[in-house]
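**Student:**
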Amino acid sequence: MTQTLVELIRIPAISPENGGEGELKKAEKLTQILKTVGFDKIERYDAEDKRVPSGKRPNIVAYYYGGNTSETLWIISHLDIVPAGEESLWTITKPFQPIVKNGRVYGRGSEDNMQPMVSSIFAVKALKDLGVKSKRNIALAFVADEEQGSTYGIQHLIKQGLFKKADLIVVPDSGNENGSFIEIAEKGAIWFRIRTTGKQAHASRPHTGLNAHRIGMEYAVALDKLLHEKYSKKDEYFDPPESTIEPTKKDKNVDAVNILPGEDITYFDCRILPSYDLDKVLNDIQTLATEFEKKTGARIKIEIVSKSVAPKPTDANAQIVLMLKEAIEETRGIEPKAGGIGGGTCAAFFRAIGAPAVVWCTIDEMAHQPDEYAKIDNMVNDAKVFALLATV
Ligand SMILES: [Zn+2]
Numbered sequence: 031m032t033q034t035l036v037e038l039i040r041i042p043a044i045s046p047e048n049g050g051e052g053e054l055k056k057a058e059k060l061t062q063i064l065k066t067v068g069f070d071k072i073e074r075y076d077a078e079d080k081r082v083p084s085g086k087r088p089n090i091v092a093y094y095y096g097g098n099t100s101e102t103l104w105i106i107s108h109l110d111i112v113p114a115g116e117e118s119l120w121t122i123t124k125p126f127q128p129i130v131k132n133g134r135v136y137g138r139g140s141e142d143n144m145q146p147m148v149s150s151i152f153a154v155k156a157l158k159d160l161g162v163k164s165k166r167n168i169a170l171a172f173v174a175d176e177e178q179g180s181t182y183g184i185q186h187l188i189k190q191g192l193f194k195k196a197d198l199i200v201v202p203d204s205g206n207e208n209g210s211f212i213e214i215a216e217k218g219a220i221w222f223r224i225r226t227t228g229k230q231a232h233a234s235r236p237h238t239g240l241n242a243h244r245i246g247m248e249y250a251v252a253l254d255k256l257l258h259e260k261y262s263k264k265d266e267y268f269d270p271p272e273s274t275i276e277p278t279k280k281d282k283n284v285d286a287v288n289i290l291p292g293e294d295i296t297y298f299d300c301r302i303l304p305s306y307d308l309d310k311v312l313n314d315i316q317t318l319a320t321e322f323e324k325k326t327g328a329r330i331k332i333e334i335v336s337k338s339v340a341p342k343p344t345d346a347n348a349q350i351v352l353m354l355k356e357a358i359e360e361t362r363g364i365e366p367k368a369g370g371i372g373g374g375t376c377a378a379f380f381r382a383i384g385a386p387a388v389v390w391c392t393i394d395e396m397a398h399q400p401d402e403y404a405k406i407d408n409m410v411n412d413a414k415v416f417a418l419l420a421t422v
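Here's what the structure looks like:
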């Protein structure tokens, strides 16, 4: 399992939005690995995307048939990863030169999402090697584009009609350090870009221009404060219990220190409790932008990068929730609890079509950070839970 994890980390799969080539190379490597396991059927569902060199974003589904062919257990992991970020912050190894140390495998994508991916593959491999027949069909889906909204990944698969309401769906893409938390609800999410346009000038003659950078920052700070004050409710069912509102990415503006920027681009990532209406939040963002435009003479355009309204949560007594609880209890002797989180995962798309999906895995929550690692024990122990889900 460790070797497989290492091999997968070595091949980056970065979205075109983040300057990458997509997932094809990783998908090809994965297909080789899957072929050695002996699945009953391996299928590709590519989504066309002209922005990547191959023109396609690969999605793979590997089937292992069980006794009850009307019931399918899906385990869904994603091929794509986020960029490595500032490489100097990686202290153990380089992001795509994975190393094994102290029971951990370090590298970008190790935990998010290769660890659960390997767990799911080896759960099936173990059943197969031991000659254990699965009670139900197992379908492992390896999808593209999870980090950027799933248009070319899970949403593409849903459009192919692969999922039924009676399916049991596990998305192992979020969790906690001992596997005691099963995610059955998510917050709504809005990502947006603030494009502030003023007038470029020589920095020594600011009166001849309009500094978009200053206005953009002032607006961002004011907006941050407004949203935090207005959307401050807490819901202890969620972790974290409040809505999160964070200024994040910043696009490059001018090339030299002595140029007064005529354009400023900043992004926000907001995760809003489902009890709030996302359109009301957006309305506040727009209203404040209009106010700043009037006050400053700059143009402030709000551009939605993505918006997802939180779907109805998965029922806490749905079959997959109860099965998972039982499997965790049996293998670890702990009693897991079901609740909500802030991070959006592709489980939301399943909930939106009425299919009960749970998000679960055992991780130290190293995703998107420098020195990201996966614990080998977690990878192995989650495989046991996945195998039990197929057989109980
Ligand atoms: Zn992930």
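Count along the sequence shown from 1, add 30, and you get the number used in the numbering used here.
In this text, a Cβ means the ideal position worked out from N, Cα and C, and glycines have one as well.
In whole angstroms, give me the CA-to-CA distance for Ile168 and Gly137.
**Tutor:** For the purposes of this step, residue 168 is taken as residue 138 along the sequence shown, with counting starting at 1. For the purposes of this step, residue 137 is taken as residue 107 along the sequence shown, with counting starting at 1. Using only the alpha carbons, I get a separation of about 29 angstroms.
**Student:** My assumption, with CB atoms under 8 angstroms, is that Ile111 sits in contact with Ala43. Please give the rounded CB distance.
**Tutor:** Taking the first residue of the sequence shown as position 1, residue 111 is located at position 81. Taking the first residue of the sequence shown as position 1, residue 43 is located at position 13. Ile111 to Ala43, Cβ: 6 angstroms. Contact.
**Student:** Starting from Glu259, trace the alpha helix (DSSP H) both ways and give me its first and last residue.
**Tutor:** Your numbering for residue 259 matches position 229 in the sequence shown. First-last of the alpha helix (DSSP H) with Glu259: Ala242 to Lys260.
**Student:** Does the pairing of the segment 183-197 with the segment 85-105 give three or more beta-carbon distances under 8 angstroms?
**Tutor:** Short answer: they touch.
**Student:** For Ala385 versus Lys131, is the C-beta distance shorter than 7 angstroms?
**Tutor:** Taking the first residue of the sequence shown as position 1, residue 385 is located at position 355. Taking the first residue of the sequence shown as position 1, residue 131 is located at position 101. Cβ atoms of Ala385 and Lys131: not closer than 7 angstroms.
**Student:** Quick check on the DSSP output: what are the complete beta strand (DSSP E) runs of length 3 or more inside the segment 106-169, in order along the chain?
**Tutor:** Fully enclosed beta strand (DSSP E) runs of 3 or longer: 129-131 and 134-136.
**Student:** Between Val135 and Tyr94, what straight-line distance do the alpha-carbon atoms span, to the nearest angstrom?
**Tutor:** As a position in the sequence shown, residue 135 is number 105, starting the count at 1. As a position in the sequence shown, residue 94 is number 64, starting the count at 1. Straight-line Cα distance between these residues: approximately 28 angstroms.
**Student:** Taking only the alpha-carbon atoms, compute the straight-line gap between Arg301 and Tyr261 and give it to the nearest angstrom.
**Tutor:** Position 271 of the sequence shown, counted from the start, is the residue given in the question as residue 301. Position 231 of the sequence shown, counted from the start, is the residue given in the question as residue 261. So the alpha carbons of these two residues sit roughly 11 angstroms apart.
**Student:** Per the DSSP calculation, His232 is bridged to which residue(s)?
**Tutor:** Here residue 232 corresponds to residue number 202 of the sequence shown, with the count starting at 1. His232 pairs with Ile289.
**Student:** Could you tell me the boundaries of the beta strand (DSSP E) in which Val410 lies?
**Tutor:** Here the question's residue 410 lines up with position 380 in the sequence shown. Looking at the DSSP string, Val410 is not in any beta strand (DSSP E); the run it does join, the alpha helix (DSSP H), is Ile406 to Thr421.
**Student:** Is Ala378 closer than 7 angstroms to Pro343 when the C-beta atoms are compared?
**Tutor:** For the purposes of this step, residue 343 is identified with residue 313 of the sequence shown, where counting begins at 1. For the purposes of this step, residue 378 is identified with residue 348 of the sequence shown, where counting begins at 1. Not closer than 7 angstroms, so no.
**Student:** What does DSSP give as the partner residues of Tyr182 in its beta bridges?
**Tutor:** For the purposes of this step, residue 182 is taken as the residue at position 152 of the sequence shown. Its beta-bridge partners do not exist; DSSP assigns none.
**Student:** Given a threshold of 16 other Cβ atoms within 10 Å of its Cβ, counted over all protein chains shown, does Thr226 qualify as buried or as exposed?
**Tutor:** As a first step, residue 226 is located in the sequence shown; it is residue number 196 there, counting from the start. Label assigned to Thr226: buried.
**Student:** Express the C-alpha separation of Asp401 and Thr123 in angstroms, rounding to a whole number.
**Tutor:** Taking the sequence shown and counting its residues from 1, the one referred to as residue 123 is at position 93. Taking the sequence shown and counting its residues from 1, the one referred to as residue 401 is at position 371. Approximately 7 angstroms between the Cα atoms of the pair.
**Student:** Alpha carbon to alpha carbon, how far is Gly239 from Glu53? Give it in angstroms, no decimals.
**Tutor:** Within the sequence shown, the letter at position 23 stands for residue 53. Within the sequence shown, the letter at position 209 stands for residue 239. Rounded to whole angstroms, Glu53 to Gly239 spans 44 angstroms at the Cα level.
**Student:** Check for me: the beta strand (DSSP E) holding Arg223 runs from which residue to which?
**Tutor:** Translated into the one-based positions of the sequence shown, residue 223 becomes position 193. Segment Gly218 to Thr227, the beta strand (DSSP E) holding Arg223.
**Student:** Which residue marks the beginning of the beta strand (DSSP E) containing Ala368, and which one marks its end?
**Tutor:** Counting from one through the sequence shown, the residue named residue 368 turns up at place 338. Per DSSP, Ala368 belongs to the beta strand (DSSP E) from Lys367 to Ile371.
**Student:** Among the residues of its own chain, which have a CB less than 8 angstroms from the CB of Ile245, if the five just before and after it don't count?
**Tutor:** In the sequence shown, the residue the question calls residue 245 occupies position 215. If we look at Ile245 and ignore the five residues flanking it on each side, its Cβ neighbours are Thr226, Gly228, Asp294, Phe322, Thr326, Ala328 and Ile330.
**Student:** In the DSSP assignment, find the unbroken beta strand (DSSP E) run with Leu198 in it and report its ends.
**Tutor:** Counting from 1 along the sequence shown, the entry for residue 198 is found at position 168. Looking at the DSSP string, the run of the beta strand (DSSP E) that includes Leu198 is Leu198 to Val201.
**Student:** Using the beta-carbon of each residue, find all residues closer than 5 angstroms to any heavy atom of ligand 1 and list them in chain order.
**Tutor:** Result: Asp142, Asn143 and Asp203.
**Student:** Starting from the N-terminal side, write out each stretch of the alpha helix (DSSP H) that is 4 residues or longer and does not extend beyond the segment 39-80.
**Tutor:** Here the runs fully enclosed are 54-67.
**Student:** When you compare only the Cα positions, how much space is there between Ala357 and Ile275?
**Tutor:** Within the sequence shown, numbered from 1, the residue matching residue 357 stands at position 327. Within the sequence shown, numbered from 1, the residue matching residue 275 stands at position 245. About 36 angstroms.
**Student:** Taking contact to mean at least 3 C-beta pairs separated by less than 8 angstroms, is the segment 231-238 in contact with the segment 383-397?
**Tutor:** Because the criterion of three Cβ pairs below 8 angstroms is not met, the segment 231-238 and the segment 383-397 do not touch.
**Student:** What first and last residue would you give for the beta strand (DSSP E) that runs through Lys324?
**Tutor:** Taking the first residue of the sequence shown as 1, we reach residue 324 at position 294. Unbroken run through Lys324 is the alpha helix (DSSP H), Leu308 to Thr326; no beta strand (DSSP E).
**Student:** CB-CB under 6 angstroms to Phe193, same chain, minus the five flanking residues each way: which ones, in chain order?
**Tutor:** Working through the sequence shown from its first residue, we reach residue 193 at position 163. Answer for Phe193: Ala385, listed in chain order.
**Student:** Write down the C-beta distance between Asn283 and His243 rounded to the nearest angstrom, noting that I regard them as a contact closer than 8 angstroms.
**Tutor:** For the purposes of this step, residue 283 is taken as residue 253 along the sequence shown, with counting starting at 1. For the purposes of this step, residue 243 is taken as residue 213 along the sequence shown, with counting starting at 1. The Cβ separation is near 6 angstroms, so the contact holds.
**Student:** Using DSSP bridges, identify the partner residues of Asn98.
**Tutor:** In the sequence shown, residue 98 corresponds to position 68, counting from 1. Paired residue(s): Arg166.
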